[in-house]
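In terms of our numbering, the first sequence opens at residue 354 and continues consecutively.
First comes the structure, then the notes that go with it.
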Amino acid sequence: MGGAVTVSKVDELVRAFEEMAELSDIKGEVRFKVNAYHRAAELVREHGEELLKLDDVKELRRYKGIGEGIAKKILEYKHTGAISKLEELKEEIPVELISLLQVPNLGPKRAKLVYDELGVRTIEELQEAAEAHRLAELYGMGPKAEQNILEGIRHLRTTTGRLPLHQAHRIQEEIIAQMRERLPKLALSPAGSLRRMKETIGDIDILAAARDAAPVMEAFCALPGVERVLLRGDTKSSVQTVDGLQVDLRVVLPEEYGAALQYFTGSKDHNVRVREIAKKAGKKINEYGVFRVKDKRRLAGETEEEVYRALGMDCPPPEMRENRGEVEAALEGTLPTLVELADIRGDLHVHSEASDGIASLEEMRAAAEALGYRYLAITDHARNLRVANGLDRERLLRQVEEIRKLNAKGDSPVTLLSGSELNIGNEGELDYDDEVLSQLDVVVASVHGGFRQSREQVTRRILAAVRNPHVKIIAHPTGRLIGQRAPYEVDLATVMREAAESGTALELNAFPDRLDLNDENLMEARKLGVKVALGSDAHRREHLAFMYYGVATARRGWLGPEHLLNAMDLEELLEWLWRGRLDKDRKRAERKR
DNA sequence: GCCGTTTTCGGCCCGACTGTTTTCAGTCG
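And the structure:
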């Protein structure tokens, strides 16, 4: 089996430009050159396939950010597999030095300094030098700087890295609630990557508006969950919580609130683009407002909408602010309308006590009713997934019957849809025959094992499921578990094309560990015209609420209600589910001929 | 290293906080 990890040419080239940026930075090149390399890495990440197809400097230079130098380097890499400039840099500066930049409070300048003066090239050596107080003797450094670097190393080793969105979200809500208790009238908002609903969160950013910042800082730094105060200024403080998370609070005046929110929400790349646009228009934007350069007149600041409008832009929803085309769309007035939680009419992936859930059908239905849903698909695990108590044929058919009876009573606004989450076997085989599947409303299929198989095999398995006329949704299509398990190798582009063609939806699994498809996958699905099915994968009543994170992720993928099965009303959904199955059945018959 | 309906040279996004400094560099976001 070809299970070897293959790193693509594109990934290698991205890495090469990133190394060039880091090494140039340590070397002390002007920041703009370093930025140019970073930008090149970004461009290759985004357009690598296209770029590597091109064969002359002129064509490459059509991309903004690629000039003479970068173009030649791309071609050199294409033809020789290496970039001589990078090799030269590596001879001047050891690559291991790049790893030192991970240490908080140690940047490129001091990394170079400790290497030149002390020969330090790894984090271990850095720690030894700091503990022997050799860092404090260096020019421009002292005992504090040394201590901060030791703290940085400790932090690096003890924190588990980024926190999953839902955990960070809970902590943030708690902090905001505690602040409100102490200062009831204070305007507070989440900001940063949490407001953008990124799938993992490095630290929590909170913004406050007040005439007098001092009492706000006071209250914040004294919150019960605060382990220690990292820095405390007049308008900005950072603390570390008992669970090792960094929380930043920024306080601005009410008339600056919108500008500060814009600035503090990011992303960094988005903000850089916005500031460039301001600059070109003879304006300046910072966290205090938008200003006209010539007379420093203030043009906007109180609300985000006003801030963007002052720059001739619509206001992009926070989830879109990643510099993935939203800046252009905001300028042209072509921002899409994104899906909202209120658009969601039902959940299409739910388990009951029949397999590995803990609630009865009626309990799950009552919980769905509380969320205002109109339908709920019961998709318990199927026969072959023994570990999850998968239903055999008889139990499944009994459940179908039970669902019919519950629906017939007509005492709930929620219609239960009978379904199953099939297991896609090693050769693409499914748990039940067509005769059984044809009795179900919603057939979901997904991979639960064989994660280390080759890309070809996994893709073949999933394509087999896509082609089954009854399978209408491929659940958690990449199998990743955030922070625990990488996605299996799969040719997602091919799966998406086939799914689009055959009328099969791909799932956006809203379970917090999964969020699968992810935001970038979803943008691709949107482009290819693939329908997306939101499912909470609930195993108990409270899990239905995970839909919130699913909708957030859908928004990060630029999806509107028109892309989602769950935004359809019941009749439309049933028609889509059944019409598609007849189409697919016909195609399968044609293929056999 | 890139870029140009204000420029082919001289710019390139912006500011807070800290520590080590007598006016600012380094780091961070």
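Beta carbons: idealized from backbone N, C-alpha and C, even for Gly.
Self-check item: Backbone secondary structure at P865 - three-state DSSP
Solution: coil
Self-check item: Contacts around Q525, its chain only, beta-carbon distance under 6 Å, and the 5 residues preceding and following it disregarded
Solution: P543, L547 and I557
Self-check item: Selection from I502, A566 and V600 that minimises the alpha carbon distance to V582
Solution: V600
Self-check item: Pick from E402, G418, K411 and G381 that is closest to H391, judged by C-alpha positions
Solution: G418
Quiz item: What do you get for W931, buried or exposed, if any count of 16 or more other CB atoms within 10 angstroms of its CB means buried?
Solution: exposed
Practice problem: Kindly provide the ranges of any beta strand (DSSP E) runs that are 3 or more residues long and lie completely inside the region 584-618, ordered along the chain. | Solution: 589-594 and 599-605
Quiz item: Which residues does DSSP pair with L744 in a beta bridge?
Solution: A735
Quiz prompt | Straight-line gap, M570 to P670 (C-alpha atoms, nearest Å) | solution = 29 Å
Practice problem: Would you give the residue range spanned by the beta strand (DSSP E) that R651 belongs to? | Solution: R651 to A653
Quiz item: Can L738 and G888 be called in contact, C-beta distance under 8 Å?
Solution: no
Quiz item: Under a Cβ-count criterion, where at least 16 other Cβ atoms within 10 Å of its own Cβ denotes burial, should D872 be classed as buried or exposed?
Solution: buried
Self-check item: Cutoff 8 Å; reference G710; Cβ partners in own chain excluding five residues on either side
Solution: V703, H704, M717, D733, A891, H892 and R893
Quiz item: What three-state label does DSSP hand P577 in the structure shown?
Solution: coil
Practice problem: Spell out a yes or no on whether the region 819-826 and the region 488-503 are touching, meaning 3 or more CB-CB pairs, one atom from each, closer than 8 Å. | Solution: no
Exercise. Identify whether S855 lies in helix, strand or coil by the three-state DSSP scheme.
Key: helix
Quiz prompt | beta strand (DSSP E) runs wholly inside the region 462-548, at least 3 long, in chain order | solution = 540-544
Quiz item: Looking at C-alpha atoms only, which residue of M900, R850 and I638 is the closest neighbour of D869?
Solution: M900
Self-check item: L783 versus R814: straight-line alpha-carbon distance, rounded
Solution: 10 Å
Self-check item: According to DSSP, residues forming a beta bridge with G772
Solution: V795
Quiz item: Near A631, what residues of its chain come up, given a Cβ to Cβ distance below 7 Å and the 5 sequence neighbours on each side ignored?
Solution: K637, I638, V643 and L664
Self-check item: contact_flag[the region 362-369, the region 447-454] where n(CB pairs < 8 Å) is 3 or more
Solution: no
Quiz item: Can you tell which of R415, K406 and L439 has its C-alpha closest to the C-alpha of K304?
Solution: What is shown of the chain runs 354 to 946, which leaves residue 304 out entirely.
Quiz prompt | Sufficient close CB pairs (3 or more, under 8 Å) joining the region 648-663 to the region 605-617 | solution = yes
Quiz item: Nearest to M673 by CA position, among L923, V397, E925 and T906, is which residue?
Solution: T906
Quiz prompt | Beta-bridge partners of T553, as assigned by DSSP | solution = P517
Quiz item: Got a sec, what are the start and stop residues for the beta strand (DSSP E) N458 sits in?
Solution: N458 -> no beta strand (DSSP E), and no H or E assigned at all.
Practice problem: Identify, in the order they occur along the chain, each residue of the same chain with its Cβ nearer than 6 Å to the Cβ of V843, setting aside the five sequence neighbours on each side. | Solution: V811 and T812
Self-check item: Buried or exposed (CB count within 10 angstroms, at least 16 for buried), T831
Solution: buried
Quiz item: Given I506, which residues of its chain have a CB within under 8 Å of its CB, disregarding the five upstream and five downstream residues?
Solution: V456, I476, L479, Q480 and A483
Quiz prompt | Coarse secondary structure for V582, derived from DSSP in three states | solution = strand
Quiz item: Where T618 and E928 are concerned, what is the direct C-alpha to C-alpha distance, given to the nearest angstrom?
Solution: 41 Å
Self-check item: Backbone secondary structure at G888 - three-state DSSP
Solution: strand
Exercise. Can you tell me the Cβ-Cβ gap for V604 and A563, rounded? I've got them flagged as a contact below 8 Å.
Key: 6 Å
Exercise. Would you tell me roughly how many angstroms separate the C-alpha atoms of P496 and A389, rounded to the nearest one?
Key: 35 Å
Practice problem: Express the C-alpha separation of L602 and M494 in angstroms, rounding to a whole number. | Solution: 28 Å
Quiz item: Can we say the region 798-806 touches the region 762-779, given the rule of at least three CB pairs closer than 8 Å?
Solution: yes
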